[in-house]
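Trainee:
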Amino acid sequence: MHHMTLAEIARGLADKKFSSEELTKALLARITQLDPQLNSFISLTEELALSQAKAADARRANGESGALLGAPIAHKDLFCTQGIRTSCGSKMLDNFKAPYDATVVAKLAAAGTVTLGKTNMDEFAMGSANESSHYGPVKNPWNLEHVPGGSSGGSAAAVAARLLPAATATDTGGSIRQPAAFTNLTGLKPTYGRVSRWGMIAYASSLDQGGPLARTAEDCAILLQGMAGFDPNDSTSIDEPVPDYSASLNGSLQGLRIGVPKEYFSAGLDPRIAELVHNSVKALEKLGAVIKEISLPNMQHAIPAYYVIAPAEASSNLSRFDGVRFGYRCENPENLVDLYKRSRGEGFGAEVQRRIMVGAYALSAGYYDAYYLKAQKIRRLVKNDFMAAFNEVDIILGPTTPNPAWKLGAKNSDPVAEYLEDVYTITANLAGLPGLSMPAGFVDGLPVGVQLLAPYFQEGRLLNVAHQYQLNTDWHTRTPTGF
Ligand code: GLN
Numbered sequence: 065m066h067h068m069t070l071a072e073i074a075r076g077l078a079d080k081k082f083s084s085e086e087l088t089k090a091l092l093a094r095i096t097q098l099d100p101q102l103n104s105f106i107s108l109t110e111e112l113a114l115s116q117a118k119a120a121d122a123r124r125a126n127g128e129s130g131a132l133l134g135a136p137i138a139h140k141d142l143f144c145t146q147g148i149r150t151s152c153g154s155k156m157l158d159n160f161k162a163p164y165d166a167t168v169v170a171k172l173a174a175a176g177t178v179t180l181g182k183t184n185m186d187e188f189a190m191g192s193a194n195e196s197s198h199y200g201p202v203k204n205p206w207n208l209e210h211v212p213g214g215s216s217g218g219s220a221a222a223v224a225a226r227l228l229p230a231a232t233a234t235d236t237g238g239s240i241r242q243p244a245a246f247t248n249l250t251g252l253k254p255t256y257g258r259v260s261r262w263g264m265i266a267y268a269s270s271l272d273q274g275g276p277l278a279r280t281a282e283d284c285a286i287l288l289q290g291m292a293g294f295d296p297n298d299s300t301s302i303d304e305p306v307p308d309y310s311a312s313l314n315g316s317l318q319g320l321r322i323g324v325p326k327e328y329f330s331a332g333l334d335p336r337i338a339e340l341v342h343n344s345v346k347a348l349e350k351l352g353a354v355i356k357e358i359s360l361p362n363m364q365h366a367i368p369a370y371y372v373i374a375p376a377e378a379s380s381n382l383s384r385f386d387g388v389r390f391g392y393r394c395e396n397p398e399n400l401v402d403l404y405k406r407s408r409g410e411g412f413g414a415e416v417q418r419r420i421m422v423g424a425y426a427l428s429a430g431y432y433d434a435y436y437l438k439a440q441k442i443r444r445l446v447k448n449d450f451m452a453a454f455n456e457v458d459i460i461l462g463p464t465t466p467n468p469a470w471k472l473g474a475k476n477s478d479p480v481a482e483y484l485e486d487v488y489t490i491t492a493n494l495a496g497l498p499g500l501s502m503p504a505g506f507v508d509g510l511p512v513g514v515q516l517l518a519p520y521f522q523e524g525r526l527l528n529v530a531h532q533y534q535l536n537t538d539w540h541t542r543t544p545t546g547f
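Our numbering runs 64 ahead of the 1-based position in the sequence shown.
1) With a threshold of 8 angstroms, are at least 3 pairs of Cβ atoms found where one atom belongs to the stretch 323–330 and the other to the stretch 341–358?
2) In three-state DSSP terms, what is Ser-501?
3) Would you say the stretch 265–284 touches the stretch 521–537, given that touching needs at least three Cβ pairs under 8 angstroms?
4) Nearest to Pro-511 by CA position, among Thr-464, Pro-519 and Tyr-371, is which residue?
5) Return helix, strand or coil for Gln-417, following the three-state DSSP convention.
6) For Thr-255 and His-365, I'd like the C-alpha separation in whole angstroms.
7) Under the assumption that Leu-472 contacts Val-211 (Cβ atoms under 8 angstroms), give the Cβ distance between them as a whole number of angstroms.
8) Buried or exposed for Arg-124, going by 16 or more other Cβ atoms inside 10 Å?
9) Nearest to Leu-172 by alpha carbon, out of Ile-459, Ser-83, Gly-290 and Ala-331?
10) Hey, is the stretch 223–232 in contact with the stretch 264–282, meaning 3+ C-beta pairs nearer than 8 angstroms?
11) Quick check: does the Cβ of Ala-189 come within less than 7 angstroms of any heavy atom belonging to the ligand GLN?
12) Tell me which residues share the same chain as Ile-106 and place their Cβ nearer than 6 angstroms to its Cβ, disregarding the 5 neighbours each side in the sequence.
13) Terminal residues of the continuous alpha helix (DSSP H) containing Leu-91?
14) In this structure, does DSSP put Phe-506 in helix, strand or coil?
15) When every heavy atom of the ligand GLN is checked, does at least one fall within less than 7 angstroms of the C-beta of Tyr-267?
16) Determine the closest residue to Gly-100 out of Ala-481, Leu-208, Gly-76 and Ala-166, with distance taken between C-alpha atoms.
17) In terms of residue numbering, what span does the beta strand (DSSP E) encompassing Phe-450 cover?
18) Going by CA-CA distance only, name the one from Arg-418, Asn-159 and Gln-515 that's closest to Leu-340.
19) At the level of alpha carbons, what is the spacing between Asp-558 and Ser-83?
20) Measuring alpha carbon to alpha carbon, tell me which of Ala-162, Val-354, Phe-160 and Ile-265 ends up nearest Ile-459.
21) Can you pull the DSSP bridge partners for Lys-350?
22) I need the boundaries of the alpha helix (DSSP H) containing Ala-495, first residue and last residue.
23) Tell me where the beta strand (DSSP E) around Ala-233 begins and ends.
24) In this structure, does DSSP put Lys-80 in helix, strand or coil?
25) Please indicate yes or no: does the CB of Thr-234 lie closer than 7 angstroms to some heavy atom of the ligand GLN?
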């Protein structure tokens with residue numbers, strides 16, 4: 065049962081081959097048995113799952129249908145879930161039970177999904193390895209000594225290990241696409257504003273975007289359908305009709321113009337990954353796509369700009385966790401200042417504290433122009449590069465990451481080395497563009513992803529290309545040994 069995709073589950077439920085309750089029980093048992101090796105869940109929600117599964121079965125018995133009706137999923141633990149712990153991977157929110165559901169959670173519940181639990185993540189979504197979680201690191205099911213990527217490492221490891229078919233995730237600088245690449249999944253970061261951020265605990269508000277993590281493009285289409293749409297509660301949500309994503313999967317790729325940026329193939333890229341990227345280009349050429357070399361000249365400035373803008377927004381967003389309004393409170397404070405200092409010092413981990421300090425510095429009166437304003441100007445240049453490129457091509461293709469998943473602990477002493485691994489993903493967040501990572505092969509037994517980027521609101525085009533690629537390759541069907 066656990067090998068089924070969302071699409072297969074929907075067919076099985078419609079054909080009455082099994083009930084959602086049976087499937088939910090089987091997956092919960094599998095999580096209990098196998099997750100101790102991975103640590104991909106922070107909370108399991110068995111009671112909620114069983115009641116949602118029974119309700120979905122009853123709705124089907126009454127003649128209702130729907131691709132997500134009775135489908136088991138999990139939510140990254142930064143989506144607020146009413147009455148259920150929403151920790152954001154932090155000691156700061158270890159005992160926080162959200163008083164309401166995030167829009168994404170509410171929409172998916174209304175579509176009939178079954179929530180199995182809340183998945184592990186880097187603390188406040190800051191990281192690329194899922195090692196900064198208060199609840200301990202997540203292991204990569206392809207090799208338990210390696211990281212699964214981050215910050216949505218729990219969602220990725222759980223789906224890759226077949227503990228469930230799909231999960232929600234968020235992407236501020238790559239946190240859907242990079243863990244997808246590291247664990248052989250398909251992950252989609254939608255256009256900024258496509259998926260509501262209401263009830264999604266903020267890291268960097270101008271970059272954060274929720275999206276699906278699944279094994280196939282077909283499943284990403286199904287899950288995105290349930291997540292996307294205008295939300296009056298999110299002032300940055302965009303009132304643009306949501307197309308039928310599943311209907312977009314079967315378009316022909318004949319004549320599709322794919323741009324491959326020459327800057328992507330610099331010295332930092334593992335040559336074995338470069339070769340797999342070229343193989344994927346050849347496979348798409350066979351399907352009728354036309355390949356064109358393009359240039360994104362400002363790409364090399366994107367990492368420094370991102371690592372000023374994201375911490376700056378984080379320092380502001382995280383000021384609410386002061387032990388008074390929100391979050392952990394220290395024992396026996398001597399006075400108000402001591403309460404703030406110790407609550408934040410004890411409640412936040414090292415990486416979060418580092419980013420708050422960097423961000424507060426970049427926003428301070430004497431340095432605002434030199435850092436924050438400069439970074440915003442680079443952001444515009446990065447966006448302009450993409451706009452120019454999309455005048456010539458329909459899709460941009462390249463590696464998702466410069467290297468495969470590294471060993472646990474390998475980058476702990478050097479945060480900048482970890483930041484540099486985000487080089488291919490963060491530009492899409494700076495520009496607000498949609499991006500998708502899909503499985504494209506293996507290096508030393510570890511999965512490698514290829515990234516596709518498209519113009520605003522062209523999620524359907526990304527899913528179409530990835531689905532056609534997956535009809536003609538079998539990388540996405542490979543399963544990690546032991547799972
Ligand atoms: N690795 C990036 C960071 O640490 C991106 C994380 C994310 O997308 N949430 O900021």
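Here a beta-carbon is modelled for each residue, glycine too, at the ideal position from N, C-alpha and C.
Note that the structure is predicted; figures quoted are calculated from it, not measured.
Mentor: If we stick to the structure as given:
1) The stretch 323–330 makes contact with the stretch 341–358, as at least three CB pairs between them are under 8 angstroms.
2) Residue state, collapsed to three classes: strand.
3) Touching, yes, given that three or more Cβ pairs across the two stretches are closer than 8 angstroms.
4) Here the closest residue by C-alpha is Thr-464.
5) DSSP, reduced to helix, strand and coil, places Gln-417 within a helical segment of the structure shown.
6) Rounded to the nearest angstrom, the two C-alpha atoms are 22 angstroms apart.
7) So it is a contact: roughly 6 angstroms between Cβ atoms.
8) Label assigned to Arg-124: buried.
9) Taking only the C-alpha atoms, the option nearest Leu-172 is Gly-290.
10) Judged by Cβ distances under 8 angstroms, the stretch 223–232 makes contact with the stretch 264–282, as three or more pairs qualify.
11) Ala-189: yes, Cβ under 7 angstroms from the ligand GLN.
12) Asp-141, Ser-151, Lys-182, Asn-184 and Tyr-199.
13) Run containing Leu-91: 84–102, per the alpha helix (DSSP H) assignment.
14) Correct three-state label for Phe-506: strand.
15) The nearest non-hydrogen atom of the ligand GLN is less than 7 angstroms from the C-beta of Tyr-267.
16) Looking at the sequence shown, residue 100 is not Gly but Pro. It is Leu-208.
17) For Phe-450, no beta strand (DSSP E) encloses it; the enclosing alpha helix (DSSP H) starts and ends at 438–453.
18) Checked all of Arg-418, Asn-159 and Gln-515; the closest Cα to Leu-340 is Gln-515.
19) Lying before the first or after the last residue shown, residue 558 is absent from the chain, which here runs from 65 to 547.
20) Closest by alpha carbon: Val-354.
21) Lys-350 is bridged by DSSP to nothing; it lacks a bridge partner.
22) For Ala-495, the enclosing alpha helix (DSSP H) has its first and last residue at 490–495.
23) 230–234 is the extent of the beta strand (DSSP E) around Ala-233.
24) Note: Lys-80 maps to coil in three-state DSSP.
25) Correct: Thr-234 has its Cβ closer than 7 angstroms to the ligand GLN.
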